[in-house]
């Protein structure tokens with residue numbers, strides 16, 4: 062057995078023997094880096110196309126593209142009211158669907174006086190089933206409904222274990238967040254199909270991306286709305302109806318943020334968010350609606366779910 066007394070000599074011999082493998086690995090690494098660069102470039106182009114170009118080059122009058130009236134369900138939520146105001150700013154008349162009409166009286170008067178659009182309120186108790194549907198159907202009769210906006214109940218975002226929620230509250234949450242949104246789409250879609258135009262927007266939450274501790278119902282219900290929107294778009298887009306799933310992250314004045322977060326770049330006010338989100342209508346059928354949120358969402362999706370869950374457990378244990 063020959064002894065090797067020179068490390069440089071040994072290194073050269075090993076390098077010469079492994080040279081073809083090194084070249085192959087270098088080629089694989091270069092191809093992988095190029096593919097990731099292309100994905101990053103594609104994502105950057107998508108952000109520009111969805112969030113910036115529509116704001117620089119508006120696509121035309123909304124009432125001409127979709128219709129003269131909008132139906133807003135969940136109008137007691139700040140985001141839904143802000144979205145309704147943006148539609149009114151563009152000349153769209155508004156019908157608010159709510160369980161408590163007193164929560165939107167001020168908004169109705171403000172929109173009428175400020176933007177000169179027609180407004181009305183329909184009180185509907187969805188646990189009553191067909192009785193609620195009948196009142197809504199009567200309110201929609203004879204109107205050119207071009208928009209339906211459903212907004213998830215933000216009280217779901219309060220940290221709470223499923224077994225801590227009373228049984229009746231669980232049923233009410235299902236009715237308000239799932240049954241109501243599904244029923245509203247069922248009531249509005251026939252007229253849109255007949256006119257071959259319309260837009261249906263479901264505002265849920267980025268919580269549908271990853272499970273969150275203490276927010277089982279929020280994650281599940283927003284996941285339903287997200288998939289419901291995508292399925293509707295797949296089925297009705299060929300009939301002239303644009304269905305959009307909005308999955309925002311933190312919004313400053315929403316109830317779940319008033320006590321913990323201030324308005325900022327990543328935490329917009331409902332008005333700022335609604336202005337950005339409306340510009341994406343007709344451009345992307347699934348988006349956060351606000352480009353800083355899109356950056357955050359992209360980072361969240363890059364984290365494997367098992368790492369996300371492990372980190373959540375460690376953070377919750379530390380707190």
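In the numbering used here, the protein residues as written are 62 to 380. Using N, Cα and C, we set each Cβ at its ideal position, and we do this for glycine too.
Boundaries of the alpha helix (DSSP H) in which residue 197 is found, first to last residue
191-201
Is the distance from the Cβ of residue 187 to the Cβ of residue 244 below 8 Å?
yes
CB of residue 331 within 8 Å of CB of residue 306, strictly:
no
Measuring straight from C-alpha to C-alpha, what distance separates residue 370 and residue 287?
21 Å
Tell whether a beta-carbon distance below 8 Å holds between residue 335 and residue 199.
Cβ distance not < 8 Å, so residue 335 and residue 199 don't count as in contact.
Give the DSSP bridge partners of residue 305, in chain order.
262
Specify the secondary structure class of residue 136 as computed by DSSP and reduced to three states.
Residue state for residue 136 is assigned as coil, using DSSP reduced to three classes.
For residue 110 and residue 101, I'd like the C-alpha separation in whole angstroms.
14 Å
Nearest by alpha-carbon distance to residue 273: which of 170, 98, 368 is it?
368
Classify residue 363 as buried or exposed, calling it buried when 16 or more other Cβ atoms lie within 10 Å of its own Cβ.
exposed
Starting from residue 180 and walking both ways along the beta strand (DSSP E), at which residues does that stretch end?
180-184
Mind checking residue 321: buried by the 16 CB within 10 Å criterion, or exposed?
Note that residue 321 scores 46 on pLDDT, short of 50, meaning its location in the model is unreliable; the coordinates nonetheless yield the value given after this. It counts as exposed.
How big is the Cα-Cα spacing for residue 162 and residue 95?
56 Å
I'd like to check one pair, residue 128 with residue 205: are the Cβ atoms closer than 8 Å?
yes
Thinking C-alpha only, which one of 132, 87, 215 is nearest residue 201?
Nearest of 132, 87, 215 to residue 201, Cα basis: 132.
Here's the rule I'm using: 16 or more other beta-carbon atoms within 10 Å means buried, otherwise exposed. How should residue 214 be labelled?
buried
So the candidates are 283, 154, 354; which of them puts its Cα closest to the Cα of residue 125?
154
Please confirm whether residue 211 and residue 134 have their CB atoms less than 8 Å apart.
Yes.
Limits of the beta strand (DSSP E) - the one that residue 363 falls within:
No beta strand (DSSP E) holds residue 363; the alpha helix (DSSP H) holding it covers 352-363.
Report the three-state DSSP secondary structure of residue 209 (helix, strand or coil).
strand
Can you say whether residue 348 is buried or exposed, counting buried as having 16 or more other CB atoms within 10 angstroms of its CB?
buried
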